[in-house]
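Asker: There's a structure below that I have some questions on.
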Amino acid sequence: MIPNLDIDLMKTFLAIADTGSFTRAADEVNKTQSAVSMQMKRLEELLGRPLFARDGRASRITADGERLVDYARRLVKLNDEAVSTFQRPELTGTVRFGTPDDYADRFLPEILARFARTHPLVTVDVDCMQTANLFERTRRGEMDLSLVTFGCDVSTDEPVRREPLVWVTSARHSTHLLEVLPLAVSHVNCEWRGIVLNALETIGRKFRIAYSSPNSNAVNAAVQSGLAVGAVPELCVRPGMRILGEKEGFPPLGHFEIGLLRKPGRASSAVDALARHVTESLGNLNTALMAAE
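Numbering of the sequence shown is given in my numbering, commencing with residue 146 and proceeding in unit increments.
Here's what the structure looks like:
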């Protein structure tokens, strides 16, 4: 039967790993050094592996101990998150949240589902629209919080993620090899559209705008169907798409910033909680896994 790991043992073990000393760890967890030593002996017995080795008068963590560190951090974090969820006062209220539809369609459902599990009494009203509109509406106080793309006319003090803009084509077609390249792009004032057109003009590549829409689903559908080539944030690359690079004759499009905007004035606790949740979720997002869905 697999034994259960005690969270208190995990916290003591991490204190040793972080401070590099049984003595300093004892002060960190408010225990005597002998109590810390007994806890680590018990932990080694539970796992059946030595976690520490003598190095002169000091102790160092073994290879097995190093492997345990990551598991211990995750166990402690999950424990503290679960306990704090029930101990802190329940947040209530409504957050008016805005985001462009390409972000909303790709990863917002999972983010909101996780937020609902930890803050079930908060209502999130979501509006999807272009960044420029979100900027104006948030500044006027019509939105509490917006996730936007930084550009020439939009900036924020809350950056969340730096993301490359990449060329994409259908994984099943060779549209990018056509003499006159068909493009699927967003609306006329979209900064990404300007970047794409300027890049092609710079290298002298012939192109035509085959599809134009402010809706990302329409643009992505044209790309996935093999009707056109487009450009999307790397985190928004979908199944059925493949990225084009310099070896296929497509120059780099550079990076851009994704960040949060808040309405003027003091934010509610519910807004702060959602902002923190979005920031952590996007900061930890694995683009490779998302593209491979």
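No residue lacks a Cβ here, since even glycine has one placed at the ideal position from N, Cα and C.
Going by beta carbon distance, what residues of the same chain come within less than 6 angstroms of L434, once the five residues before and after it are set aside?
Answerer: To locate residue 434, count along the sequence shown from 1; it is residue 289. Because L434 carries a pLDDT of 40, less than 50, the predicted location of this residue cannot be relied on, and no value is offered for it.
Asker: Please look up how many angstroms separate the CB atoms of T447 and L266, rounded, as I've assumed it's under 8 angstroms.
Answerer: Nothing in the structure corresponds to residue 447, since the chain is present only between 146 and 438.
Asker: May I ask you to report which of helix, strand or coil DSSP gives D270?
Answerer: Numbered from 1 along the sequence shown, position 125 holds the residue referred to as residue 270. Correct three-state label for D270: strand.
Asker: Does DSSP classify T432 as helix, strand or coil?
Answerer: Translated into the one-based positions of the sequence shown, residue 432 becomes position 287. Here T432 scores only 42 on pLDDT, less than 50, and its place in the model should not be relied on; the value that follows carries that caveat. Three-state DSSP puts T432 in a helix.
Asker: Pick helix, strand or coil for V368, following the three-state DSSP scheme.
Answerer: Working through the sequence shown from its first residue, we reach residue 368 at position 223. In the structure shown, V368 sits in a helix (DSSP, three-state: H, G or I).
Asker: Among H264, T283, R262, which one has its Cα closest to the Cα of D272?
Answerer: Indexing the sequence shown from 1 puts residue 272 at position 127. For the residues H264, T283, R262, the minimum Cα distance to D272 belongs to T283.
Asker: Using 10 angstroms around the beta-carbon of Y248, count the other beta-carbons present and answer buried if the total reaches 16, otherwise exposed.
Answerer: Position 103 of the sequence shown, counting from 1, holds the residue named residue 248. So Y248 counts as buried.
Asker: Is it buried or exposed, P378, if we count other Cβ atoms within 10 angstroms and call 16 or more buried?
Answerer: Translated into the one-based positions of the sequence shown, residue 378 becomes position 233. With 16 or more Cβ atoms within 10 Å of its Cβ, P378 is classed as buried.
Asker: Measuring straight from C-alpha to C-alpha, what distance separates A160 and L253?
Answerer: Walking along the sequence shown from the start, residue 160 turns up at place 15. Walking along the sequence shown from the start, residue 253 turns up at place 108. Rounded to the nearest angstrom, the two C-alpha atoms are 36 angstroms apart.
Asker: Identify whether L398 lies in helix, strand or coil by the three-state DSSP scheme.
Answerer: On the sequence shown, residue 398 is found 253 positions in, with the first residue counted as 1. DSSP places L398 in coil when its eight states are reduced to three.
Asker: Do the stretch 307-316 and the stretch 394-409 meet, that is, are 3 or more Cβ pairs less than 8 angstroms apart?
Answerer: Counting Cβ pairs under 8 angstroms, three or more are found: they touch.
Asker: Can you give me the C-alpha to C-alpha distance between R235 and S361, rounded to a whole angstrom?
Answerer: Within the sequence shown, numbered from 1, the residue matching residue 235 stands at position 90. Within the sequence shown, numbered from 1, the residue matching residue 361 stands at position 216. Note on residue identity: the sequence assigns Glu, not Arg, to residue 235. Their Cα atoms are separated by approximately 36 angstroms.
Asker: Using C-beta distances below 6 angstroms, list every residue in its chain close to G375, excluding the 5 sequence neighbours before and after it, in chain order.
Answerer: Your numbering for residue 375 matches position 230 in the sequence shown. So the qualifying residues of the chain are V313, A329, V364, V368.
Asker: To the nearest angstrom, report how far apart G339 and Q275 are at their CA atoms.
Answerer: Indexing the sequence shown from 1 puts residue 339 at position 194. Indexing the sequence shown from 1 puts residue 275 at position 130. Their Cα atoms are separated by approximately 15 angstroms.
Asker: Can you check whether the CB of K408 is closer than 8 angstroms to the CB of G286?
Answerer: Here residue 286 refers to the residue found at position 141 of the sequence shown. Here residue 408 refers to the residue found at position 263 of the sequence shown. Cβ atoms of G286 and K408: closer than 8 angstroms.
Asker: Use the C-beta contact count for R205: other C-beta atoms within 10 angstroms, 16 or more gives buried, fewer gives exposed.
Answerer: Against the sequence shown, residue 205 aligns to sequence position 60. Counting Cβ neighbours within 10 Å, R205 comes out exposed, since fewer than 16 surround it.
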